[in-house]
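Note that the UniProt record's numbering numbers the sequence shown so that position 113 is 113, with each residue one more than the last.
Even glycine gets a Cβ: it sits at the ideal position worked out from N, Cα and C.
Working notes, structure below.
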Amino acid sequence: MVRKNKFGVKIYDESSFEKMSKACKLASKTIDYLKQFVKAGITTKYIDKMCEEFILKNGGKPTCKGYSGFPASLCTSINDVACHGIPNDIELKDGDIINLDVVVEIDGWHGDTSKTFAVGKISEQHQNLLRIAEEAMNVGIESVKIGGCFNDIGRSIEQYVKKQKGFCLIPKFCGHGIGQNMHEDPLVLHFETYEETSTIEKGMFFTIEPIISCGSSNVREMKDGWTMVTKDNGFAAQFEHTISIGHDEKIHILT
Ligand code: MF3
Ligand code: CO
Ligand code: CO
Numbered sequence: 001m002v003r004k005n006k007f008g009v010k011i012y013d014e015s016s017f018e019k020m021s022k023a024c025k026l027a028s029k030t031i032d033y034l035k036q037f038v039k040a041g042i043t044t045k046y047i048d049k050m051c052e053e054f055i056l057k058n059g060g061k062p063t064c065k066g067y068s069g070f071p072a073s074l075c076t077s078i079n080d081v082a083c084h085g086i087p088n089d090i091e092l093k094d095g096d097i098i099n100l101d102v103v104v105e106i107d108g109w110h111g112d113t114s115k116t117f118a119v120g121k122i123s124e125q126h127q128n129l130l131r132i133a134e135e136a137m138n139v140g141i142e143s144v145k146i147g148g149c150f151n152d153i154g155r156s157i158e159q160y161v162k163k164q165k166g167f168c169l170i171p172k173f174c175g176h177g178i179g180q181n182m183h184e185d186p187l188v189l190h191f192e193t194y195e196e197t198s199t200i201e202k203g204m205f206f207t208i209e210p211i212i213s214c215g216s217s218n219v220r221e222m223k224d225g226w227t228m229v230t231k232d233n234g235f236a237a238q239f240e241h242t243i244s245i246g247h248d249e250k251i252h253i254l255t
């Protein structure tokens, strides 16, 4: 059973949590499994093949495959690609950074998570980029409180990132509600807004997934209609978790 709060955000009942937890656990196991293939000489197409096989073998389905025509089971975003990179035949090389973003469906429920990895040895600036991107997500997660609102998340991430010299948020991409669809209301902004945002309540599922750039905060879309690249080709990194607000009044990281 699902109802909506006055902001139109779905409130799921207790029985949904076990199902979400299953999908999210498999999503996170998938990223852990794929980590071993992140090395120089491997193509993202190969990682995608390993991803699809692993998800299917474990009783799930790759949500992204076929979603609005997306051709693969995960997004592989390398270096200046901020997000939505399509797996291809180019080999990873030492010094690259790569984000793997996977969404898994089990019995109609979706779990969404991503991590950015270093390929071999990366520069100190890019090491800092990965650390700041992960910390930005964690700062957002720590700001989540029952009775608070989504603006608390955006404000805390914005304040954290503004203190990091040489790094900025890419504001175009947001977190989102999730559950029986990959993308549900609300949009979870990673910066403060002056519009009223929904309260955070028991029974909600949503993601937090700020993208941090060490170059421009603007992106352009490549001709493939998916790949988002930073305007000045500075590197970008992202980490993402799916969170639940439990009926036990606790905040759970499901992925
Ligand atoms: N995983 C992305 C997100 O975090 C969405 C992927 S878009 C798709 O929301 F087309 F690849 F599915
Ligand atoms: Co994702
Ligand atoms: Co997401």
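Of the candidates Ser114, Lys61, Glu53 and Gly120, the residue whose Cα lies closest to the Cα of Met137 is Ser114.
A distance of 8 angstroms or more separates the beta carbons of Glu240 and Thr197.
In this structure, ligand 1 has a non-hydrogen atom nearer than 7 angstroms to the beta-carbon of His84.
The residue from Ser216, Cys174 and Glu201 with its alpha-carbon nearest to that of Glu209 is Cys174.
DSSP places Ile211 outside any alpha helix (DSSP H); the residue lies instead in the beta strand (DSSP E), whose first and last residues are Ile211 to Ser213. In the structure shown, Asn233 adopts coil according to DSSP, grouped into three states. Of all alpha-carbon atoms in His252, Pro186, Val161 and Lys202, the one lying nearest the alpha-carbon of Cys214 is that of Val161. Annotation for Phe117: the continuous beta strand (DSSP E) segment containing it runs Trp109 to Ala118. About 26 angstroms separates the Cβ atoms of Val9 and Met228, ruling out a contact at the 8 angstroms cut-off. Our two residues, Asp94 and Ile31, have alpha carbons roughly 20 angstroms apart in a direct line.
Taken through DSSP and simplified to helix, strand or coil, Thr227 comes out as coil. Secondary structure at Asp94: coil, using DSSP grouped into helix, strand and coil. According to the DSSP secondary-structure assignment, Arg3 is paired through a beta bridge with Ile11. Following the DSSP letters along the chain, one finds His126 inside the alpha helix (DSSP H) bounded by residues Glu124 to Glu142. Nearest C-alpha to Leu26 among Met182, Ala118, Lys57 and Phe191: Lys57. Taking every protein chain shown into account, the CB of Ser143 has 16 or more other CB atoms within 10 angstroms, so this residue is buried. For Leu56, the enclosing alpha helix (DSSP H) stretches over residues Thr44 to Lys57. According to the DSSP assignment, Glu158 belongs to the alpha helix (DSSP H) that extends over Phe150 to Lys162. One alpha carbon belongs to Ser77, the other to His190, and they sit about 20 angstroms apart.
Counting along the chain, Glu221 sits inside the beta strand (DSSP E) bounded by residues Val219 to Glu221.
Approximately 35 angstroms separates the beta-carbon atoms of Asp152 and Val119; this is outside 8 angstroms, ruling out the contact. Shortest Cα-Cα distance from Gln238 to any of Lys6, Gly85 and Met222 involves Gly85. In the same chain as Asp48, and ignoring 5 residues on each side of it, the C-beta atoms closer than 8 angstroms to its own belong to Ala72, Ser73, Leu74, Thr76 and Pro87, in chain order.
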